[in-house]
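Numbering (the working numbering), first residue to last: 2 to 132. Every residue, glycine too, gets a C-beta built ideally from N, C-alpha and C. In this text, all values refer to a predicted model and were calculated from it rather than measured experimentally.
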């Protein structure tokens, strides 16, 4: 991907019972498509009842084709790591998203003579609930 500039990427693993996540999962992923957030790669990882692991690009599956792009950034090693966390008879969507809004904001700051000095992701479970 020579010349491609990426914003911060986030790797999500969404686990589901059974060997296929279903149409509702495709609808849920469609919610991620919004200005400033892009799905750049995705993979379906399935662990059979016998422990055998398979993986398929979501962009190759009809129910996901409309919401998926394919950049081949999720490697076989990533699929193996996802599978290691799955119970037999389950599957997971491995989704790589780009926070394009952050790249755009950093570019604007740079044009203004500044620079992005730090970026820290704080998990939701570390943020206190509002009263």
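Counted within 10 angstroms of its Cβ, other Cβ atoms place residue i as buried (16 or more) or exposed
| i | result |
| --- | --- |
| residue 25 | exposed |
| residue 46 | buried |
| residue 50 | exposed |
| residue 55 | exposed |
| residue 75 | buried |
| residue 119 | exposed |
Neighbourhood of residue i by C-beta, 8 Å cutoff - its chain only, sequence neighbours within 5 removed
| i | result |
| --- | --- |
| residue 38 | 98, 99, 100, 101, 102 |
Neighbourhood of residue i by C-beta distance below 6 Å, restricted to the same chain and skipping five residues each side
| i | result |
| --- | --- |
| residue 20 | 47, 92 |
| residue 42 | 72, 74, 75, 97 |
| residue 3 | In this predicted model, residue 3 has a pLDDT of only 42, less than 50, meaning its place in the structure is not dependable; the value taken from the coordinates is given anyway. Answer for residue 3: no residue qualifies. |
Beta-carbon separation (whole angstroms), residue i vs residue j, contact threshold 8 Å
| i | j | result |
| --- | --- | --- |
| residue 95 | residue 79 | 6 Å |
Neighbourhood of residue i by C-beta distance below 7 Å, restricted to the same chain and skipping five residues each side
| i | result |
| --- | --- |
| residue 66 | 60 |
| residue 106 | none |
> Of all the beta strand (DSSP E) runs that stay within the bounds of the stretch 21 to 89, which reach a length of 3 or more residues?
Replying inline: The stretch 21 to 89 contains these whole beta strand (DSSP E) runs: 38 to 48, 54 to 58.
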